[in-house]
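A quick write-up on the structure given underneath.
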Amino acid sequence: MPKIRFIEPDRTVELDAPKGTNLLELAEENGVRMGSACGGVCACSSCHCWIREGGDSLDEATEAEEDRLDMAFDVRPASRLGCQVKVGDAPLTVELTSESITTWYNEHPDERKS
Ligand code: FES
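Position 16 of the sequence shown, counted from 1, bears residue number 212 in the working numbering, the numbering being contiguous throughout.
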């Protein structure tokens, strides 16, 4: 089972996930601060992340995902939408973008530090 490492500014969360696991769902089930303004239907860019390692093991982004990424901030070659990524055979290192974390805090205002 591949290891999935989520990198946030102040912590790293490491999880095991079977092939085919949706990255956003994995994040949500484990308290990782990946935003999901549209609920994971490829209609926003709040789950924008950078795949630091293991990106070659993933299916290519669809045209719909590429179109949505065009709306994102700080898009890089490693950019993906978490809700559109399914875990492959290899471990992944996934860095959350500030765009995504900001959305997560907007969705979870009680989690904000005062
Ligand atoms: S949660 Fe909206 S595109 Fe992924």
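All C-beta atoms, glycine included, are put in the ideal place defined by N, C-alpha and C.
Quantities reported herein were computed from a predicted structural model and do not represent experimental measurements.
Hey, residue 277 and residue 234: beta-carbon distance below 7 angstroms or not?
no
Which of helix, strand or coil DSSP assigns to residue 308
coil
Identity of the residues DSSP links to residue 218 by a beta bridge
282
Would you say residue 216 and residue 279 are within 7 angstroms of each other, going by their C-beta atoms?
no
With distances taken from CA atoms, which of 220, 303 and 252 is nearest residue 238?
220
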